[in-house]
Amino acid sequence: MSRVRPAHLALRGIFAMGLLLALGACKSDQQILTQRDTDLALLHQMEKAKGTPGYAQFCDRPLTCTSSVADACPRIYDHIGAACLARADAMSATAPAAQMRKVTGSAEAAFRKGLAGGSADVRRVAATGLGEALELRRAFSPNVEIDGINAALNANADTLQTLPGDAAQHAGYYRAGVLLNQALRVAAISSAQCPQLAAALAALPTTPGADATFSDRLAQRRAQITQARTTRSCS
């Protein structure tokens, strides 16, 4: 179990907030605002008896959304997932590992609900967020759980591969992360890990990400893989 590097966490925080904006990808700013206001109004209507709601409160208790409005509930679940992910980022430097696993688990659960329905664009946001939540939980999990998390990341990458936009790039990013993680978990550093690291490098997309933050994260992952290859004298 290891803490994520601070530089990576900073990028994760930007990414988490960007998930909310990604829900309105290919729409004007005004359309994004209107969509978000509609989601908040629906959420408030469902929870008005319990006080003014905010997405982050549903990191601590589940929400069952019902609406006849197309995409409304999947979008709300994606918003909740992004809010839980942002909370996890904010507390990652000091929170106990068990608490981090709980919050990232809430993010995962919300994104899975968002992934279960809705348009392809909404599902793309959910799958991208799910990958991020899984990677963050992996950083705070005991070794006995890592293989299961990596399997979930690969399954989610398969889903991303079928979705529009930059989803395929994210799929490659998460697949490369799994391969890198598997190589780094081997106790003895040796050239035996070189084929796996070569596969990790090959899995990364070769074109820049659709936004600057994702491009930075691609570059960082490429640098991590390259460093691991150098340490093991891979050709």
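Residue numbering for the sequence shown follows this note's numbering, beginning at 376 and increasing consecutively. C-beta atoms are modelled at their ideal positions from N, C-alpha and C, and glycine is treated no differently. The model shown is predicted, which means the values in this text are computed figures rather than measured ones.
- Task: Measure how close the beta-carbons of A502 and A542 come, nearest whole angstrom, since I'm counting them as under 8 angstroms.
- Result: 7 angstroms
- Give me the Cα-Cα distance between N518 and G493, rounded to the nearest whole angstrom. 35 angstroms
- Message: Quick check on P570: does DSSP put it in helix, strand or coil?
- Response: helix
- Message: Only counting the same chain, and skipping five residues up and downstream in sequence, which positions put a Cβ closer than 6 angstroms to that of P449?
- Response: G489, G492, G493, V497
- Assigned exposure category for T479 - 16 Cβ within 10 Å defines buried: buried
- Task: For the alpha helix (DSSP H) holding L579, just list the boundary residues, first then last.
- Result: No alpha helix (DSSP H) contains L579, which DSSP labels as neither H nor E.
- Message: Let's see if you can read the secondary structure: which residues bound the alpha helix (DSSP H) around L460?
- Response: 447 to 466
- Message: On the criterion of 16 or more Cβ atoms from any shown chain inside 10 Å, does Q602 qualify as buried, or is it exposed?
- Response: exposed
- Query: When the Cα atoms are used, what is the spatial distance from R604 to H454?
  - Reply: Those two C-alpha atoms are separated by around 38 angstroms.
- Return the CA-CA distance between A495 and T537, expressed in angstroms with no decimal places. 9 angstroms
- Query: Between the beta-carbon of A578 and the beta-carbon of G547, is there less than 8 angstroms?
  - Reply: yes
- For T427, does the count of other Cβ atoms within 10 angstroms reach 16, so buried, or fall short, so exposed? Below a pLDDT of 50, predicted positions are generally treated as unreliable, and T427, at 45, falls in that range; the measurement from the model is reported next regardless. T427 comes out exposed.
- Task: Tell me whether F589 sits in a helix, a strand or coil according to DSSP, three-state version.
- Result: helix
- Message: Looking only at its chain, what residues have a beta carbon closer than 8 angstroms to the beta carbon of E483, apart from the 5 residues adjacent to it on each side?
- Response: So the qualifying residues of the chain are G456, L505, A508, L509, R512.
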